[in-house]
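Chemist: Numbering (the UniProt record's numbering), first residue to last: 1 to 223. Where is the CB? At the ideal position from N, CA and C, for every residue including glycine.
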């Protein structure tokens, strides 16, 4: 589904990521850890072709990203939902319209009932008409997750989704991501929170990837 073959990425005249070879299988659940500045966000951007490797090959759904046209990249990204660390919304639009935005951009019409069900799933059905500035941090992250999955993607990438949330809200968001994984979605979460990782591993067979010395490797089983 997502495969890296001897991938390196250079930034600012130096090598940020080096010699990465791994595969995220369909239906897998992974965490990505590492110190600040190690390249976690860069790795995620390589996973959805926001960045291209300096060398090596990134394969998305069996296609090399280097050979994709701009239209092909756009179509491929529809199969990947991304929850950004600093989720952005259009403040003049209600929550429901913000969540539906990927459908509008893709020229697709969503059913009102499907949107209502999605908002109910993330616990935001009562806030459908609220404007983003009125939402709490946890509500914004759940709205970002709803927006990321409205296109029915095969892969969910989340960049520090619980970084600014308290523990109870972090668990609530994790529960939603675990549910998506149990539905067959591939999930990759970048995080510093080892307690969150332990909680997830008690529910699903999550694996942990760690960035160290510019490489991404499977971490030990002691987390």
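1. Enumerate in chain order the residues of its own chain whose CB-to-CB distance from residue 15 is below 7 Å, with the five nearest sequence positions on each side excluded.
2. Report the start-end ranges of each alpha helix (DSSP H) in the stretch 12-99 that is 4 residues or longer and not cut off at the edges.
3. Mind checking which residues open and close the beta strand (DSSP E) that includes residue 186?
4. Residue 82: buried (16+ other C-beta within 10 angstroms of its C-beta) or exposed?
5. Among 201, 107 and 204, which one has its Cα closest to the Cα of residue 74?
6. Are at least three pairs of beta-carbons, each pair with one atom in the stretch 123-133 and one in the stretch 31-41, less than 8 Å apart?
7. Given that a residue counts as buried once 16 or more other Cβ atoms are within 10 Å of its Cβ, and exposed if not, what is residue 193?
8. According to DSSP, is residue 215 part of a helix, a strand, or is it coil?
9. Relative to the C-alpha of residue 91, which residue among 179, 43, 135 and 164 is closest?
10. In angstroms with no decimal places, state the Cα-to-Cα distance between residue 130 and residue 120.
11. If you compare alpha carbons, which of 152, 177 and 44 is closest to residue 100?
Modeler: Taking the coordinates as given:
1. 8 and 214
2. 40-47 and 70-77
3. 186-190
4. buried
5. 107
6. no
7. buried
8. strand
9. 135
10. 14 Å
11. 152
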